[in-house]
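Undergrad:
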Amino acid sequence: MMKLDLKSNTMKIEFIIKSFEELSTIELYNILKLRSEIFIIEQNCVYQDIDDKDLKCHHLMCFVDGNLAGYTRIVPHGLTYEDASIGRVVIGTAYRGLGLGKQLMEHSIKGCQDILKESRIRISAQLYLLKFYNSLGFKEVGDPYDEDGIPHIEMVLN
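Residues in the sequence shown are numbered consecutively from 2, following the working numbering.
#1: DSSP three-state call for H60: helix, strand or coil?
#2: If you reduce the DSSP assignment to three classes, tell me which class T73 lands in.
#3: When you compare the CB positions of V157 and R123, do they come within less than 8 angstroms of one another, or not?
#4: What separation, rounded to the nearest whole angstrom, lies between the Cα atoms of Y30 and I87?
#5: Among the residues of its own chain, which have a CB less than 6 angstroms from the CB of L117, if the five just before and after it don't count?
#6: Just the Cα atoms here: how many angstroms apart are L130 and I92?
#7: Does the Cβ of I51 have 16 or more other Cβ atoms within 10 Å, making it buried, or fewer, making it exposed?
#8: Find out if the Cβ-Cβ distance for the pair L69, S109 is shorter than 8 angstroms.
#9: Please classify L36: does DSSP put it in a helix, a strand, or coil?
#10: Within the continuous beta strand (DSSP E) that includes D66, where are the two ends?
#11: Taking the alpha-carbon positions, what's the K1 to E22 distance?
#12: In the DSSP assignment, what are the bridge partners of R121?
#13: Does DSSP put G112 in a helix, a strand or coil?
#14: Identify every residue that forms a DSSP beta bridge with M156.
Laid out in structure tokens, this is it:
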């Protein structure tokens, strides 16, 4: 697998957000492929990734040199939680360690604020990423819990 070098400064990074209806079939295919590569194969977690929530969400894609490198779905309030939420946060293996995760989440937060007009955002974070989400302003609420065999914790950004 190829590892990218941030020092080259020749990477073109682009963030695009679309409603489900605006996604092309190729974009949708690449999103679902990335999600299954990471959440189902890499994390060895069998669960129903494709759910009806995708239809009502906005989808933030991070492209590096034209390739899908990361993704989140921006979920309106009332669909998963009473608050708006960000889910399916993923960075492809070849693109990790480049700081894209932070940029992806910052764009996702802005998407919640600009598109959904929501400032309070709730997430279900994998527990090992607690400090990462804390650095973005999220605070833990409640106790850790198991979700599909992976420790998680609910977090809120006000």
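C-beta atoms are modelled at their ideal positions from N, C-alpha and C, and glycine is treated no differently.
TA: With the given structure in hand:
#1: strand
#2: strand
#3: yes
#4: 20 angstroms
#5: P77 and A85
#6: 13 angstroms
#7: exposed
#8: no
#9: The residue you asked about is not Leu; residue 36 is Arg in the sequence shown. In the structure shown, R36 sits in a helix (DSSP, three-state: H, G or I).
#10: Element bounds for D66: n/a, residue is neither H nor E.
#11: In the structure as shown, the chain begins at 2 and stops at 159. Residue 1 is therefore absent and cannot be evaluated.
#12: None; R121 has no bridge partner.
#13: helix
#14: I124 and E141
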